[in-house]
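Some notes on the structure that comes next.
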Amino acid sequence: MEQNKRTATCGELNIGDVGKTVILNGWIHRNRDHGGVHFLNIRDRYGITQAVIDEEASDALKSAAGELKMEYCVAVTGIVRARPEGMVNPDMSTGAVELSITDLKILNTCPALPFMIEGEDEPNENLRLKYRYLDLRTEGMRKRIELRHKAAWAARSYLTEQGFWEIETPTFIKSTPEGARDWLVPSRINAGKFYALPQSPQLYKQILMAGGTDRYYQIARCYRDEDSRGDRQPEFTQIDLEMSFAGRDDVLKLVEGMMARTFKDVLGIDIPAPFPRLSWRDAMDSYGSDKPDLRYEMKFLDFAPFVPASDFGVFKSVLESGGAVKAMVVKGAGEAYSRKKITELEEEAKKRGAKGLAWMKVTPDGLDGGVSKFYGNQAGSITEGLGAKAGDLILLMGADWKTAVESLGAVRVKLGKDLGLADPNRFEFCWVVDFPLFEKNEETGAWEPAHHMFSMPQDRFIETMEEHPGEVLGDLYDMVLNGNELASGSVRIHDPAIQSRVFDIVGFPKDEAERRFGFLLEAFRYGAPPHAGLAVGFDRMVMVMAKMETIRDVIAFPKNTQGISPMDESPSEVDAAQLADLRLAIVPEEKAE
RNA sequence: GGAGGUGUAGCGAAGCUGGUUAUCGCGCCGGCCUGUCAAGCCGGAGAUCGCGGGUUCGACCCCCGUCACUUCCGCCA
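In the working numbering, the protein residues as written are 1205 to 1797.
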């Protein structure tokens, strides 16, 4: 008798199953009691199936069904039957059939819900996080978690086929000065000493290369004690990889293949490779960002040629002091952008240090509004030079080069959003390469590593890099997708002599280097191979694939922006005995600095 | 560390320029209903308007402070 019944999922039943007796395990998604006939939508991970208790059902069954509330966990047994003529629901994958219930078992009950599963209104995020187990029952979360799994699976398959080994590296490590703050873990056995949680497996993967591993990857949890953002969590996941006897182009080619494979397997989308490459300088100069969104054009143009012949003093003095004047043409925005909306754009620019944002509109008769009175006499050559047409808005930014491009870049991003230029269905990858290796700290005047201290200067700079550190370009590369920095990597230094010179340039004391990561430098002395690698921000990648705005929506149990998990209320205080064990004491707030 | 936004029944929102019995939808509770699928109809309960202070005859509304959430800047190789 039992062999005639089988467990089915709520997503699989269709017209071919008519006549079968099946058991559905799931949750009461919707409950529609019509008095005579009673409909139940049973939901599980696979879908929703309508189950029916007919007028003719036994009183026992009817009264059991009367107990049901939303999200009760149930096992229903019944016979699959075709829905009556005209009752097929074309919006449901199982809409041609329904289950005529013969037996109903309540596996667990559920109180009134804090929010409805798949309700008309989305509850606020903190409530979703507090009841994440309910949120995970929604189709959206379920699909995103599935997508994440598939993306990890695709990456793993690809890298395995390419000869990579997945190797786990420690998550209790030595604190290293990498820029971001380390999370610290106190050691009980070695009281007074701390492990750090890794910001990335960087040092270990380089040591794996020294260990002859050749090709390593890891889907690695990383930890950074910095303020949260929509795309930043205190713990996050990277696809971390490293290759020996490889240079930049080997890594880029491999990762292009990995992206193509992942997008094909998960979304069925063909990603054309190779990806366009932009130098850091060109990316900044044309888009004002080292992670440009290439789904829309709006490249910056040089406005300097038009400055000398005008009386607009601001731009003149900018050029005299060695700055830049950049123009951006916003197609067809002349009408839509009132003074008020332009002020909003200006605010965006001011956040990045700009003093203002100049503008003018192109009309059939020339230039109008804003600074047009200074440039009207050059209207023809300006519109021609910038490729602007009647109806366009011209935005102008003058400042030192960095401030000019970065602030206009912020305006470009805001326009992209406001005007809906960023098509969510497009995926535009690019590489940004040739980053400067060193950056001057404006306050101290000291040279600092722009990325980290283990990245290789490009060959042509090595011999003389001490002379002009600011001009040295590194073998560094970022992968960018739709304005998101999705991956970052570099060719690493494997030569202790070069490493030592880099330490000198950034003023990193030898003895401290020895103390902090002497083990790595030591490893390099023992025939370490040249190597290069990269790490993909896995959460961000999945976020973009899922067309979400925040990585919290693609992480099963994220922290909120305050670093708190509303569900389990971590972080929490610990009791005195635990602290005593660790020989730690809490400094009262008023005494702390 | 800084700037902006939000906070009104379990949930999502409305509440105008200071005077309302604080409104609506969903959910919840009770009743009716043989075909719904966001079921429908009738009835009901449920709100110290985030918290504290102030101005005022009178505050959801104005002011000050504070807390929470959130976006952005700083920060984040």
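The beta-carbon is built from N, C-alpha and C at its ideal position, and this holds for glycine as well.
The straight-line gap separating the alpha-carbon atoms of residue 1600 and residue 1542 is approximately 16 Å. About 6 Å separates the beta carbon of residue 1251 from that of residue 1298, a gap short enough to meet the 8 Å contact definition.
Closest by C-alpha distance to residue 1353, out of 1221, 1370, 1760 and 1779, is 1760.
At the C-beta level, residue 1284 and residue 1215 stay beyond 8 Å of one another.
Shown here, residue 1744 sits in a helix according to DSSP, grouped into three states.
Residues 1310 of the same chain have their beta carbon placed closer than 8 Å to that of residue 1271, with the five preceding and five following residues left out of the count.
Per DSSP, reduced to three states, the secondary structure at residue 1612 is helical. According to the DSSP assignment, residue 1256 belongs to the beta strand (DSSP E) that extends over 1251 to 1257. With respect to the 8 Å criterion, residue 1590 and residue 1531 are classified as neighbours on the basis of their beta carbons. Judged by DSSP secondary structure, residue 1331 falls within the alpha helix (DSSP H) whose first and last residues are 1329 to 1334.
In chain order, 1300, 1301 and 1302 place their CB closer than 7 Å to the CB of residue 1287, counting only its own chain and leaving out the 5 sequence neighbours on each side.
Counting C-beta atoms within 10 angstroms of its own C-beta, residue 1703 has 16 or more neighbours from the protein chains shown and is therefore classed as buried. Taking all protein chains in view, the Cβ of residue 1782 is surrounded by fewer than 16 other Cβ atoms within 10 Å, so the residue is classified as exposed.
Excluding its 5 nearest sequence neighbours in each direction, residue 1596 has C-beta neighbours in its own chain below 6 Å: 1533, 1535, 1538 and 1566, listed in chain order. Taking all protein chains shown into account, residue 1376 has fewer than 16 neighbouring C-beta atoms within 10 Å of its C-beta and is therefore exposed.
Residue burial annotation: residue 1647 is exposed, with fewer than 16 other C-beta atoms found within 10 angstroms of its C-beta. A Cβ-Cβ separation of about 6 Å places residue 1698 in contact with residue 1728 under the 8 Å criterion. The shortest CA-to-CA distance from residue 1401 to any of 1228, 1390 and 1411 is the one to 1390. Under the three-state reduction of DSSP output, residue 1379 falls in the coil class, being neither helix nor strand. Residue 1220 sits exposed, since fewer than 16 C-beta atoms from the chains shown fall within 10 Å of its C-beta. Going by C-alpha positions, residue 1516 is about 57 Å away from residue 1719. The closest CA to that of residue 1691, considering only 1460, 1289 and 1396, is found on 1460.
A contact is defined here as three or more CB-CB pairs under 8 Å, and the region 1428 to 1447 meets this definition with respect to the region 1404 to 1418.
Straight across, the Cα-Cα distance linking residue 1417 with residue 1448 is about 8 Å. Bridge partners of residue 1563 according to DSSP: 1599. With fewer than 16 other Cβ atoms inside 10 Å of its own Cβ, residue 1715 counts as exposed. Within 10 angstroms of the beta-carbon of residue 1686 lie 16 or more other beta-carbons, which makes it buried. DSSP places residue 1388 in the uninterrupted beta strand (DSSP E) bounded by 1387 to 1390.
Here the C-alpha atom of residue 1421 lies approximately 15 Å from the C-alpha atom of residue 1414. For residue 1366, the secondary structure class from DSSP, reduced to helix, strand or coil, is coil.
Taking a contact to require three or more Cβ pairs closer than 8 Å, the region 1668 to 1683 and the region 1636 to 1656 qualify as touching. Check the Cα spacing between residue 1497 and each of 1621, 1346 and 1235: the tightest is with 1621. Cβ neighbours of residue 1236 within its own chain (closer than 6 Å, five residues either side excluded): 1243. In the structure shown, residue 1682 adopts extended strand secondary structure according to DSSP, grouped into three states. Using a C-beta cut-off of 8 Å, the region 1500 to 1509 makes no contact with the region 1648 to 1657, since fewer than three inter-stretch Cβ pairs fall below that distance. By DSSP's assignment, residue 1447 forms a beta bridge with 1419 and 1736.
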